[in-house]
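Novice:
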Amino acid sequence: MRLPRFNLVEPLVMLATVVQWLVLATLAGVVVGSGTSLFLHGLFFFIDSTASIPLWFQMVLLPLGGLANGLLLYYGYRLNKTGLKDSVIQAVHSQSGKMPFKTLAIKPIAAIITLASGGSAGKEGPCSHLGASLAAGIGRTLGLNAELQKRIVACGVSAGFASVFGTPLAGAIYGVEVLAIGRIRHDFLFPAIVAGVVSYQVSQWWGVPYTFYSLLALPEFSEWLFLKTVAIGVLCGVVAWVFVDAIAVARKGFARLQHRFSLWPPLTPLIGGLLLAALILIIPTDYLGLSLPMMDAALEGEPMPYLGFLWKTLLVAITLGSGFYGGIVTPQFVIGAIAGNAFAPMLGIDPALGAAVGLVAVVASASNTPIAAILMGVELFGGTLGTAYIAGAGIAAYLIIGHRSVYPDQLIAYSKTSWMRIRPDMPLGQEKVYLSYGLLRWLSTRRQRKGRRHL
Numbered sequence: 001m002r003l004p005r006f007n008l009v010e011p012l013v014m015l016a017t018v019v020q021w022l023v024l025a026t027l028a029g030v031v032v033g034s035g036t037s038l039f040l041h042g043l044f045f046f047i048d049s050t051a052s053i054p055l056w057f058q059m060v061l062l063p064l065g066g067l068a069n070g071l072l073l074y075y076g077y078r079l080n081k082t083g084l085k086d087s088v089i090q091a092v093h094s095q096s097g098k099m100p101f102k103t104l105a106i107k108p109i110a111a112i113i114t115l116a117s118g119g120s121a122g123k124e125g126p127c128s129h130l131g132a133s134l135a136a137g138i139g140r141t142l143g144l145n146a147e148l149q150k151r152i153v154a155c156g157v158s159a160g161f162a163s164v165f166g167t168p169l170a171g172a173i174y175g176v177e178v179l180a181i182g183r184i185r186h187d188f189l190f191p192a193i194v195a196g197v198v199s200y201q202v203s204q205w206w207g208v209p210y211t212f213y214s215l216l217a218l219p220e221f222s223e224w225l226f227l228k229t230v231a232i233g234v235l236c237g238v239v240a241w242v243f244v245d246a247i248a249v250a251r252k253g254f255a256r257l258q259h260r261f262s263l264w265p266p267l268t269p270l271i272g273g274l275l276l277a278a279l280i281l282i283i284p285t286d287y288l289g290l291s292l293p294m295m296d297a298a299l300e301g302e303p304m305p306y307l308g309f310l311w312k313t314l315l316v317a318i319t320l321g322s323g324f325y326g327g328i329v330t331p332q333f334v335i336g337a338i339a340g341n342a343f344a345p346m347l348g349i350d351p352a353l354g355a356a357v358g359l360v361a362v363v364a365s366a367s368n369t370p371i372a373a374i375l376m377g378v379e380l381f382g383g384t385l386g387t388a389y390i391a392g393a394g395i396a397a398y399l400i401i402g403h404r405s406v407y408p409d410q411l412i413a414y415s416k417t418s419w420m421r422i423r424p425d426m427p428l429g430q431e432k433v434y435l436s437y438g439l440l441r442w443l444s445t446r447r448q449r450k451g452r453r454h455l
């Protein structure tokens, strides 16, 4: 019997691949970590400068921030002569990993204006944008081919996300998982993890502060408690559904307003700022900006209002829908923590555990990134016992929200259920989901049987 000949070619190629991405991803992590750290320090400085302003000044600052956003985005993007869009997802799927470089600073500056003026948004969007743009610049400088360029851009997204939240593993997976619903490019994982870990370490070296939480001491695993946390996941899936649709409705509404009255584009966020200024006469200003103190209070078990997630959703929808720029993941953290905390007592669950479960569930569903959300729960809250509760809730929420997302460019690789069908690899914003042929046939058979009974 002849033994198979041992072929050294494949393991050598794989080793070369590991070495290649250790070098490229480390370089991307260092550059992106430094860039996002600079942005975060600037953001924290300006947010702290306006943190204690009186209500009347806040009401003046919101429309001014909207106008400044509108002017910056309107005139700034005229610098982009390449025809490339600065969407991270489109860069990977349809632009061969290319990003417009001249407009790199526009979104970070716009985000600082948004959050410093009181707009309700997140801080991770500009970090992911910075990460993708800087990584694309590295790839272009090194002359990488299209496939390698896509991977290094995904590295940049992962590095940016890891840097802003201090979650290197979750950040790595998020940058890959967010590209398509139901599919993860495993060949992107090693570069993304290396870039995420390096970026996080670099950001720590630059003095970026991070907050981690300790879940309450949990007893031995309980099937009953697991089912209760799944129920919170279902509720938070509905909350995420409301959040996603509210942003879509706000964007369509402001776009129609602009078209109906032929408004100059920079005036649309100004109107959004005026609306926000009017709303804070009845909605607490705690819901403006990042709202991280509210999230911290929810995770510490302090009681949250039942409608708190709606107030935050409304302010975020108006902020982003009217044309302010900012991240969309941090609001998911806040909304999930508030909703989970508020729903927990109804099910006999500790509010702190409910907040942690809700945070993970809303991120898993609104962004369609359940694996990254679960890992984020592990990295933020620590421990292994609570992971089962967080995972069950996250997956339940991911299913409940259906085929919708805060990212319209996100592709649908596979349907979330065999009872619905989709065309694979179509952007969510361009695809409709239909009931499967088998389910339609079953429903038709049921109707026919009922009709015969009535004859």
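Residue numbers (the UniProt record's numbering): 1 to 455.
A virtual CB, placed ideally from N, CA and C, is assigned to each residue, including glycine.
Examine the Cβ distances between the region 86-94 and the region 401-417 and report whether three or more of them are shorter than 8 Å.
Specialist: Yes, the region 86-94 touches the region 401-417.
Novice: Note the first and the last residue of the continuous alpha helix (DSSP H) segment covering S37.
Specialist: As a first step, residue 37 must be located in the sequence shown, where it is residue number 37. Its alpha helix (DSSP H) spans residues V9 to S49.
Novice: What does a CB cutoff of less than 6 Å around F101 pick up in its chain, not counting 5 residues either side in sequence?
Specialist: To locate residue 101, count along the sequence shown from 1; it is residue 101. So the qualifying residues of the chain are G137.
Novice: Looking at C-alpha atoms only, which residue of L411, P209, L353 and I282 is the closest neighbour of L55?
Specialist: Here residue 55 is taken as the residue at index 55 of the sequence shown, counted from 1. With distances taken between Cα atoms, L55 lies closest to I282.
Novice: Relative to the C-alpha of Y287, which candidate in G327, R251 and I338 has its C-alpha closest?
Specialist: For the purposes of this step, residue 287 is taken as the residue at position 287 of the sequence shown. The residue with the shortest Cα to Cα distance from Y287 is I338.
Novice: Do you know how far the Cα of G118 is from the Cα of P63?
Specialist: For the purposes of this step, residue 63 is identified with residue 63 of the sequence shown, where counting begins at 1. For the purposes of this step, residue 118 is identified with residue 118 of the sequence shown, where counting begins at 1. P63 and G118: Cα-Cα distance of roughly 10 Å.
Novice: Please list the terminal residues of the continuous alpha helix (DSSP H) segment that includes N69.
Specialist: The sequence position of residue 69 within the sequence shown is 69, counting from 1. Unbroken alpha helix (DSSP H) run through N69: L55 to G76.
Novice: Is K107 near T330, with beta carbons less than 7 Å apart?
Specialist: Working through the sequence shown from its first residue, we reach residue 107 at position 107. Working through the sequence shown from its first residue, we reach residue 330 at position 330. No, the Cβ-Cβ distance between K107 and T330 is not below 7 Å.
Novice: Using 8 Å for Cβ pairs, my map puts F343 next to G327. What's the rounded Cβ distance?
Specialist: Taking the first residue of the sequence shown as 1, we reach residue 343 at position 343. Taking the first residue of the sequence shown as 1, we reach residue 327 at position 327. Incorrect: roughly 25 Å between the Cβ atoms, too far for contact.
Novice: What first and last residue would you give for the alpha helix (DSSP H) that runs through E147?
Specialist: Here residue 147 refers to the residue found at position 147 when the sequence shown is read from its first residue. A146 to F165 is the extent of the alpha helix (DSSP H) around E147.
Novice: Do you know whose CA, among L79, F309 and I349, lies nearest W224's CA?
Specialist: For the purposes of this step, residue 224 is taken as residue 224 along the sequence shown, with counting starting at 1. That would be I349, whose Cα lies nearest to the Cα of W224.
Novice: Between the region 138-156 and the region 21-35, do at least 3 Cβ pairs fall closer than 8 Å?
Specialist: Flag = yes, the region 138-156 and the region 21-35 touch.
Novice: Given that a residue counts as buried once 16 or more other Cβ atoms are within 10 Å of its Cβ, and exposed if not, what is E220?
Specialist: In the sequence shown, residue 220 corresponds to position 220, counting from 1. The residue is exposed, with fewer than 16 neighbouring Cβ atoms inside 10 Å.
Novice: Using CA coordinates, which residue listed in T319, C155, H93 and A16 is at the minimum distance from I247?
Specialist: As a first step, residue 247 must be located in the sequence shown, where it is residue number 247. Of T319, C155, H93 and A16, the residue nearest in Cα terms is T319.
Novice: Ignore the nearest five residues each way along the sequence and tell me which others in N80's own chain have a CB closer than 8 Å to its CB.
Specialist: Locating residue 80 in the sequence shown gives position 80, counting from the first residue. Excluding positions up to five away in sequence, the list reads D86, P100, K102 and T103.
Novice: If contacts are defined as beta-carbon pairs under 8 Å, then A111 and G97 qualify, I think. What distance do you get, rounded to the angstrom?
Specialist: Along the sequence shown, read from residue 1 onward, the residue named residue 111 stands at position 111. Along the sequence shown, read from residue 1 onward, the residue named residue 97 stands at position 97. Contact flag wrong, Cβ pair sits at about 23 Å.
Novice: Anyone know if the C-beta pair for S128 and V153 falls short of 7 Å?
Specialist: On the sequence shown, residue 128 is found 128 positions in, with the first residue counted as 1. On the sequence shown, residue 153 is found 153 positions in, with the first residue counted as 1. No. Outside cutoff.
Novice: Helix, strand or coil for R183? Go by DSSP, reduced to three states.
Specialist: Sequence index remark: in the sequence shown, residue 183 carries index 183 (1-based). Here R183 sits in coil by DSSP.
Novice: Just to confirm, is the Cβ distance from V357 to I335 under 7 Å?
Specialist: In the sequence shown, residue 357 corresponds to position 357, counting from 1. In the sequence shown, residue 335 corresponds to position 335, counting from 1. Not a contact, by the Cβ cut-off of 7 Å.
Novice: For I400, which residues in the same chain have their Cβ closer than 6 Å to its Cβ, ignoring the five residues on either side in sequence?
Specialist: Position 400 of the sequence shown, counted from the start, is the residue given in the question as residue 400. Taken in chain order, the residues that qualify are V234 and G237.
Novice: If we count the other Cβ atoms within 10 Å of its Cβ and call it buried at 16 or more, is F261 buried or exposed?
Specialist: Residue mapping note: residue 261 aligns to position 261 of the sequence shown, counting from 1. Classification for F261: exposed.
Novice: Please report the straight-line C-alpha distance between V178 and S367, rounded to a whole angstrom.
Specialist: Position 178 of the sequence shown, counted from the first residue, corresponds to residue 178. Position 367 of the sequence shown, counted from the first residue, corresponds to residue 367. One C-alpha to the other measures close to 7 Å.
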